[in-house]
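The sequence shown maps to residues 1023 to 1265 in the numbering used here.
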Amino acid sequence: MAGTFITFEGIDGSGKSTQLRLLANFLRSEGGEVLVTREPGGTSVGLRLRAALLDALEQVDPLTELLVFAADRAQHVRRVLRPALEAGQTVLSDRYADATKAYQGAGRGFSAELVSEIIQLATEGLTPDLTLLFDLSVTESSARTRRRSEGKQTGDRLDSEDAGFHTRVREAYLSLAAREPERFRVVTTNGSVDETHERVKEIVVPFLEARGQIVSREPATAGSRDTHRVPQRESHAGLEEPP
Ligand code: TYD
């Protein structure tokens, strides 16, 4: 496909959403055509599914949860991701299918075979070109999600799972990364937001350069990368507007 599909994964509170925004701003400042999206909730139907899935007051059966994440993804792949990638855009998605392997597979205990079949059905094999896994300890993750939900009456339904659940999710992500080292890059998030952003750029800029989507003006030196973007095709006019 003409575009580049980059996904952001990690346990809750890993800072991936902030990093996604910073990267999108950076790539746009270089003239890149970037689509920012997320799962669940990357389409208008998906937004309604997201509200139901994450409502802490709902009692969602694990099988329902697995299937609704898949339904959200099917809509997202067909209505947003494929058209954008076919139009040559760089797509940054806050979570995608690896989240189902980690949360519903390792977290809830559905078999890897069933999870893979359902992912295949929803995605028709659409796999990210690059996946950034933002890693941090479960203790730090819990502290961050607690701070974030202070002041709110209830947090997300999945945020409030116990430490054992989040440990299984983290370990599953790390083993997915070990199994597919070409697609995954693990980003440690122990530094400041800016330091992590630099790490992300050090991964993504050469990756896009290698695909001919960004060209360096000068040889890259650490901390002073100077890039510009090869003009891309105009975005697909008929895209569903992501929320
Ligand atoms: P997200 O919006 O990334 O929340 P946060 O900003 O707190 O990380 O994701 C919402 C929740 O949905 C998160 O707890 C992970 C969960 N999730 C799954 O369990 N399975 C999935 O397939 C996806 C996409 C998300």
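For glycine and all other residues, C-beta sits at the position ideal for the given N, C-alpha and C. This one's a predicted model, so the numbers in the text were calculated from it and none came from an experiment.
Residue i CB to nearest heavy atom of ligand 1 below 7 Å
i, result
"Thr-1122", "yes"
"Asp-1184", "no"
"Ser-1039", "yes"
"Gln-1126", "yes"
"Leu-1079", "no"
"Phe-1283", "Nothing can be reported for residue 1283: it is not among the residues displayed for the chain, which extend from 1023 to 1265."
"Asp-1083", "no"
"Glu-1309", "The chain is shown only over 1023 to 1265; residue 1309 falls outside these bounds and no answer can be derived."
"Arg-1117", "yes"
"Arg-1060", "yes"
"Asp-1216", "no"
"Phe-1076", "Here the sequence assigns Leu to residue 1076, which means Phe is not the residue at that position. Yes, Cβ of Leu-1076 sits closer than 7 Å to a heavy atom of ligand 1."
"Leu-1180", "yes"
"Phe-1091", "yes"
"Asp-1034", "yes"
DSSP three-state assignment for residue i, whether helix, strand or coil
i, result
"Ala-1242", "Low confidence applies to Ala-1242: its pLDDT is 45, below 50, so where it sits in the model is not reliable enough to give any reading."
"Leu-1148", "coil"
"Glu-1162", "helix"
"Phe-1027", "strand"
"Gly-1110", "coil"
"Arg-1104", "helix"
"Gly-1032", "strand"
"Ala-1115", "Looking at the sequence shown, residue 1115 is not Ala but Ser. Three-state result, Ser-1115: strand."
"Arg-1168", "helix"
"Phe-1132", "coil"
"Gly-1037", "coil"
"Gly-1260", "Unreliable positioning characterises Gly-1260 in this predicted model, as indicated by a pLDDT of 37, which lies under 50. The coordinate reading is nonetheless provided below. Coil at Gly-1260, not helix or strand."
"Leu-1042", "helix"
message: Restricting to runs no shorter than 4 residues, where is the alpha helix (DSSP H) found entirely within the stretch 1054–1091?
response: With a minimum length of 4 residues, the unbroken runs of alpha helix (DSSP H) contained wholly in the stretch 1054–1091 fall at 1066–1076.
- prompt: What residue ranges within the stretch 1174–1239 form continuous beta strand (DSSP E) runs of no fewer than 3 residues, ordered along the chain?
  reply: Complete beta strand (DSSP E) runs here, min 3: 1206–1210.
task: Check whether the stretch 1037–1056 touches the stretch 1130–1146, taking contact to mean three or more Cβ pairs, one atom from each stretch, closer than 8 Å.
output: Touching, no.
message: Taking 8 Å as the cut-off, does the stretch 1028–1037 touch the stretch 1191–1204 (at least 3 CB pairs, one atom from each stretch)?
response: Segments in contact, yes.
message: Count Cβ pairs between the stretch 1090–1099 and the stretch 1052–1071 that sit closer than 8 Å; are there 3 or more?
response: Verdict: yes, contact present.
task: Would you be able to state if there are at least three C-beta pairs under 8 Å between the stretch 1035–1047 and the stretch 1198–1218?
output: Yes, they touch.
message: Closer than 8 Å is the cut-off here; do at least three beta carbon pairs connect the stretch 1220–1228 with the stretch 1140–1148?
response: No, they do not touch.
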